[in-house]
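Taken in sequence, the protein lines are chains A and B. If you count the first sequence from 1, position 323 lands on 325 in this note's numbering, and the numbers rise without skipping. If you count the second sequence from 1, position 34 lands on 118 in this note's numbering, and the numbers rise without skipping. Okay, so here's the structure we're looking at.
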Amino acid sequence: MTDAPFHRLPVPLSERNWGGFAAAAVAATAGVASWSFVVGGFSAYYVGAREGTATMIAGALIGQLLVTLSQIPPVTKYGIETLGTTKPQLGARGAIISLIVQYAILIGWNIVLVIFLGRACAAALVSLGMIGEASAGAAATAVSVGAAAIVWLLLQRGSDSLKAVSAAVAVLILVIGAWMYWLLFQTYSLADIVAAAPIGPNEGGRLTNYTTGLELLMVSTLGWWAYMGGMFRMVNSAGKGAVPSMVSLGFGWSAIGLIALYSGLAAGEADPTVWMAAVAGPVAGVFVLIFVAMANLGSALVGAHCAALGFGELSPATRNLPWNAKVAAAIVPMVLVMILIPGAFYDNIGAFMAFIGILVAPIIGIQIVDWFVLRRLDTLHVPSLYWHDRRSRYWYVGGFNPAGDWLGRGLSVETHDGRAVACEIVGLPFLDPEKKIPRGLMHAAE
Amino acid sequence: MKQVNQPASVQDAQRDDDFEAQIAALDGAPTGAPLQSKDCVFLIATGIILPVALLLWGWS
C-alpha cells in the first residue's frame, strides 16, 4: 500500500489518477473564492464595465499562461511539487528562496480568505441580531480560527480530501455564481452597469487605468504558481493539466471576479455578502455566506495542502516529519496572524498583491527559459531534487546557484571539422557578443 | 515486531536507507506525457489570441 496522498517523493505515474475533470474541479475550488471579489472590487476603481471585462479576463489568461508554462510541464511529467521544480534553477539549498515565496503566497492568501469569511459571518450575526456590534471583532476572529481548524481536520486525508471536497464545492460555486449573475442583472440594468464610471481612477488618463486593470489581474494570477504542484502532480499528462489550468484558474476566477466589478460599479459595493443581502433579503445573504464559506474553505484547503507539501520538501529534517507536523507548519502561522494582526494584514491586500508579482514573476520567467530554451525539462535529474548534499547535480556552490557562476565549469566546443573539444571556462564573458566567437576558454587537457 | 525492539537510531538509519533506495529508483522512472501540438494550440489560443482580441475590444 502506498501513501500517495502524503508523498514525500514524486507521485509515480501509475498512481497519478486525477483526470481532467478532477483537476478542473480542484482548480476551480482553489481559484474561485473571496479573492475573486477582492480583485474585482479593486478593478472597479480604475476601469468601467466594458474595459474591466476585457482587462480582467485578458490579464488572468495571460498571467495563467505564464504560470502554466512554468509549472504544468515539469509537474505533470515528473509528479513533483512546485518547490522541487525550482531546485535546478536555484540550487538544492537555494530553493529555500522559493519556499519563502511559496509560503508567503499560500499563507498570505489563506489569511485573506479566512479573515474575509470571519468578517462576513460576524456581519451576518450582527444583522440577524444574534450578537452586538461590540462583539463583532471577537466573533470574526473566532470564526477565522474555527475555519483554520476545519482545514486542519480536512487535511488529515492529504490530497484525497482535495479530490473529495472539490467536486461538490465546484458544482456549488457554479450554481451560486450563476445565481449571483442573474440577481445582479435583475437588480441593475445592463445599460446602467455599462454606463457606470470607475470609482477612483488614476490621473494618468484612460491608457494608464486600462493598463493598471490589466496588471492587477496579471499580477494576482501569478500567485497561482505557488499552488500548481500541489494541484497538478496527481495528473499524468501535460495536456490534462493545461486545460483545467487555463479554464479554472485563468478564466474561472476572473469570471467570478467580474461580479464584484459590476456590483462595485453599479452599487458601489463589491462584497456580495453586503449587496446581495441588501437587494434580495437576509435569506439570500445566508446563501451567499454559505457560498463564501465553501469557496474560501476549499481554497484554504488547497493552499494549506500545497504549503505542507512544500515545507516537507525543504530538507531531510522536514521531509521525515509526520504529515500532521507539516500541516501544522502551514496552519499555525495563519492562526497567529488572524489572532494578533488581522486588521493590519487585511487592510494592505494591495501591497500583498504587488509583493506577489515582484517575487514570483522573475522565478516564472527563469523557469520558462530553463524548460523551453535551455531544454532542461528533458534532462531533469529527479534524484538530485531529493539529495541535499554534493551528490545532487543541483548542488552548485554550497547548495546555491549563484548568478554568474561560470568560472571553472566545463563545456564542450565543436570545431569546424566536427570534433568536440572539452574546455574549461577561465575568463568571462566566454562568448564575444559582437564577433560571436568563444573567448576565455582553456583546453581541458592543458 | 523485530523492528520495534531496535534502537531508534537503527530504525532511523534503516528508514534513511529505504528512502535512499527509493530516490535512486527515481532515475529512469516512467514520466507523464509532455505537451502535444493540440495542447500548444490551445495555450496559444487562450493565452495569447483571446486576450489580445479582448483587449482590442475593450479599448475600442
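All C-beta atoms in this analysis are idealised placements derived from N, C-alpha and C, irrespective of residue type, glycine included. In this text the structure is predicted, and so the values were computed from the model without any measurement.
When the options are compared against residue i, the one with the closest alpha-carbon
| i | options | result |
| --- | --- | --- |
| residue 90 of chain A | A:414, A:387, A:295, A:340 | A:387 |
| residue 148 of chain A | A:122, A:178, A:116 | A:116 |
| residue 441 of chain A | A:415, A:292, A:421, A:187 | A:415 |
| residue 267 of chain A | A:14, A:16, A:385, A:44 | A:44 |
| residue 238 of chain A | A:333, A:137, A:75, A:192 | A:75 |
| residue 273 of chain A | A:345, A:186, A:155, A:167 | A:186 |
| residue 57 of chain A | A:221, A:417, A:14, A:134 | A:221 |
| residue 354 of chain A | A:15, A:40, A:20, A:301 | A:40 |
| residue 269 of chain A | A:258, A:259, A:281 | A:281 |
| residue 296 of chain A | A:103, A:51, A:118 | A:118 |
| residue 135 of chain B | A:103, A:157, A:65 | A:65 |
| residue 312 of chain A | A:299, A:86, A:73, A:19 | A:86 |
| residue 344 of chain A | A:384, A:140, A:322 | A:140 |
| residue 451 of chain A | A:70, A:120, A:67 | Examination of residue 451 of chain A is not possible in this model, given that chain A is present from 3 through 448 alone. |
| residue 80 of chain A | A:33, A:327, A:17 | A:17 |
| residue 107 of chain B | A:384, A:342, A:403 | A:384 |
| residue 427 of chain A | A:444, A:364, A:135, A:298 | A:444 |
| residue 105 of chain A | A:392, A:401, A:334 | A:334 |
| residue 101 of chain A | A:227, A:373, A:352 | A:227 |
| residue 277 of chain A | A:78, A:190, A:347 | A:190 |
| residue 309 of chain A | A:153, A:292, A:347, A:351 | A:153 |
| residue 219 of chain A | A:133, A:55, A:437, A:392 | A:55 |
| residue 377 of chain A | A:71, A:358, A:436 | A:71 |
| residue 223 of chain A | A:358, A:336, A:73 | A:358 |
| residue 294 of chain A | A:174, A:169, A:208, A:243 | A:174 |
| residue 69 of chain A | A:248, A:97, A:192, A:78 | A:248 |
| residue 389 of chain A | B:91, B:121, B:103 | B:103 |
| residue 176 of chain A | A:205, A:158, A:257 | A:257 |
| residue 194 of chain A | A:264, A:130, A:103 | A:264 |
According to DSSP, residues forming a beta bridge with residue i
| i | result |
| --- | --- |
| residue 239 of chain A | B:117 |
| residue 141 of chain B | In the DSSP output, where bridge partners are listed per residue, residue 141 of chain B has none listed. |
| residue 20 of chain A | A:237 |
Where the beta strand (DSSP E) containing residue i begins and where it ends
| i | result |
| --- | --- |
| residue 443 of chain A | 443-445 |
| residue 415 of chain A | 412-416 |
The alpha helix (DSSP H) enclosing residue i, as first and last residue numbers
| i | result |
| --- | --- |
| residue 217 of chain A | 208-224 |
| residue 454 of chain A | No answer is possible for residue 454 of chain A: the residues shown for chain A start at 3 and end at 448. |
| residue 256 of chain A | 255-269 |
| residue 130 of chain A | Here residue 130 of chain A belongs to no alpha helix (DSSP H), and DSSP marks it neither H nor E. |
| residue 190 of chain A | Counting along the chain, residue 190 of chain A falls outside any alpha helix (DSSP H), and DSSP gives it neither H nor E. |
| residue 375 of chain A | No alpha helix (DSSP H) contains residue 375 of chain A, which DSSP labels as neither H nor E. |
| residue 277 of chain A | 274-314 |
| residue 130 of chain B | Per DSSP, residue 130 of chain B belongs to no alpha helix (DSSP H) and is neither H nor E. |
| residue 317 of chain A | Element bounds for residue 317 of chain A: n/a, residue is neither H nor E. |
| residue 137 of chain A | That residue, residue 137 of chain A, is in no alpha helix (DSSP H); it is neither H nor E in DSSP. |
| residue 324 of chain A | That residue, residue 324 of chain A, is in no alpha helix (DSSP H); it is neither H nor E in DSSP. |
| residue 344 of chain A | 344-348 |
Closer than 7 angstroms to chain C by CB, residue i
| i | result |
| --- | --- |
| residue 135 of chain B | In the structure shown, chain C does not exist; the protein chains are A and B. |
Residue i beta carbon near the ligand HEM (any heavy atom closer than 6 angstroms)
| i | result |
| --- | --- |
| residue 264 of chain A | Within the structure as shown, the ligand HEM is missing, as the structure has no ligands at all. |
For the region 87-105 of chain A against the region 393-407 of chain A, do three or more pairs of beta-carbon atoms, one drawn from each stretch, fall closer than 8 angstroms, so that the two count as touching?
yes
For the 8 angstroms Cβ check, are there 3 or more pairs between the region 21-28 of chain A and the region 222-238 of chain A?
By the Cβ rule, the region 21-28 of chain A counts as touching the region 222-238 of chain A, because three or more pairs are nearer than 8 angstroms.
Output the residue ranges of the alpha helix (DSSP H) runs that lie fully inside the region 28-107 of chain A and measure 4 residues or longer, sorted by chain position.
36-48, 51-80, 84-87, 89-92
In chain order, what are the residue ranges of uninterrupted beta strand (DSSP E) at least 3 long that sit wholly in the region 381-408 of chain A?
none
Within 8 angstroms, do at least three Cβ pairs link the region 294-314 of chain A to the region 101-119 of chain A?
yes
At least three beta-carbon pairs within less than 8 angstroms, the region 124-140 of chain B to the region 247-255 of chain A
yes
Does the region 177-192 of chain A come close enough to the region 10-24 of chain A that 3 or more CB-CB pairs lie under 8 angstroms?
no
Could you check whether the region 208-216 of chain A touches the region 281-296 of chain A, counting it as contact only if at least three pairs of C-beta atoms, one from each stretch, sit closer than 8 angstroms?
Below 8 angstroms, too few C-beta pairs join the region 208-216 of chain A and the region 281-296 of chain A to call them touching: fewer than three.
Contact the region 365-375 of chain A vs the region 142-159 of chain A: 3+ CB pairs below 8 angstroms
no
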